[in-house]
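Report on the structure given below.
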Amino acid sequence: MSLTVLFAARNDDWHTYHEALEQAFAAAELDADLVTTADPEEVDYIVYSPSSSLQDFTPYTKLKAVLSLWAGVERIVSNPTLTMPLVRMVDPGMTQSMVEWVTGHVMRYHLGMDDHIVNPGHAWRPKAAPLARQRSVCILGLGALGRSAALTLKALNFNVTGWSRSPKEIKDIETFHGPEGLTGALRHAEIVVLLMPDTPQTENTLNKETLALLPKGARILNPGRGPLIDDYALLDALDSGQIAHATLDVFRVEPLPPDHPYWAHPKVTVTPHIAAATQAATASVEIANNIRRGEAGEALLNLVDRSQGY
Ligand code: GLV
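122 is the number that numbering that gives the first Met the number 0 gives to position 123 of the sequence shown; each next residue is one higher, with no gaps.
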């Protein structure tokens with residue numbers, strides 16, 4: 000009997016994913032009906048975005064798993080009706096996109112591009128950038144995204160360190176972990192990249208105290224999640240010169256409200272949550288592979304650990 004896979008996201012997402020999912024299901028030899036409406040009692044799997052109108056999973060009595068289209072699951076884990084296995088998105092296309100965004104913005108800071116691109120007074124500032132190996136970059140969060148960003152920056156010769164909740168090993172990269180490891184990770188970091196999940200434990204990881212640990216004039220990139228930073232502590236640190244600049248892609252409230260101080264701050268670049276979108280073609284392959292695994296009795300990949308919140 001064929002499987003029923005319900006696609007529960009926005010209409011726009013259906014246009015983006017429909018064909019890619021059908022192709023991926025065919026390639027995985029899955030006998031599955033991909034639908035946007037179904038009798039809840041018939042649904043085997045749900046491909047899900049939190050912006051879907053589906054919020055009550057109670058009627059889905061035979062549901063085997065929910066597969067999120069998003070990497071960040073903070074809006075889903077807290078749904079008390081969602082008791083089935085939950086898979087977060089780990090998509091090589093999204094990872095590549097994140098690596099490109101992070102590398103581009105690290106390069107902007109490293110090379111001091113703004114001095115020359117924005118130079119209304121035509122100042123002659125012949126100060127060359129140091130080599131990448133003389134520049135320390137710290138990646139906070141060493142999941143699929145952080146790890147790939149760290150490896151790419153290392154391949155460009157940056158002096159990369161990483162920090163994560165639990166110990167992680169990455170070849171040739173010095174790593175720190177746990178609350179006590181954060182000081183060591185931040186102490187020399189000239190550029191900090193936040194790529195952790197949004198959980199109660201990670202909220203305000205960058206706050207008044209931790210921002211003060213950084214070398215004066217450090218730069219911050221946040222393509223992770225807004226709550227990782229205490230916004231008012233960051234604004235104070237920008238005003239005092241402790242932090243020279245921040246490029247922020249994610250915010251506590253999105254779209255960022257027009258009167259938010261970040262918009263007008265001369266030391267902040269706002270990008271509108273564009274660092275890394277899920278890529279339909281590659282993500283669909285991951286979804287199909289996971290459903291195939293579920294049907295073959297194999298463990299699902301990238302299952303959310305509810306006790307950790309990601
Ligand atoms: C995007 O922010 C995601 O969580 O996939």
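Every residue, glycine too, gets a C-beta built ideally from N, C-alpha and C. Note that the coordinates shown come from a computational prediction; the quantities given were computed from them, not determined experimentally.
Which listed residue (the options) has its alpha carbon closest to that of residue i
| i | options | result |
| --- | --- | --- |
| V101 | T182, I190, D43 | I190 |
| E40 | T60, S51, E28 | T60 |
| A8 | M0, H17, S1 | H17 |
| T281 | L20, H115, L2 | L20 |
| K266 | A298, V117, D55 | V117 |
| K167 | I45, G145, D55 | G145 |
| T94 | Q307, A295, E285 | E285 |
| N289 | A64, P119, Q22 | A64 |
| W69 | L62, P91, T82, P256 | P91 |
| R305 | P84, P119, K207, D11 | P84 |
| T198 | H115, S96, F157, Q307 | Q307 |
| A148 | D55, M106, G177, P129 | M106 |
| I45 | L212, R218, L62 | L62 |
Distance cut-off 7 angstroms: residue i Cβ against heavy atoms of ligand 1
| i | result |
| --- | --- |
| M0 | no |
| W69 | yes |
| T277 | yes |
| M83 | no |
| M88 | yes |
Environment of residue i [buried if 16+ CB atoms lie within 10 Å]
| i | result |
| --- | --- |
| W262 | exposed |
| G223 | buried |
| V42 | buried |
| V165 | Checking the sequence, you will find Ser at residue 165 rather than Val. Classification of S165: exposed, given that the 10 Å Cβ count is below 16. |
| H14 | exposed |
| Y231 | exposed |
| K153 | buried |
| L302 | exposed |
| G142 | buried |
| R124 | exposed |
| T3 | buried |
| P196 | buried |
| R134 | buried |
| V252 | exposed |
| H104 | buried |
| H121 | exposed |
| G216 | exposed |
| I273 | exposed |
Check: Is the segment 229-246 in contact with the segment 177-188, if contact means three or more CB pairs nearer than 8 angstroms?
Finding: no
Item checked: Meets three-Cβ-pair contact criterion under 8 angstroms: the segment 68-80 and the segment 22-36 -> no
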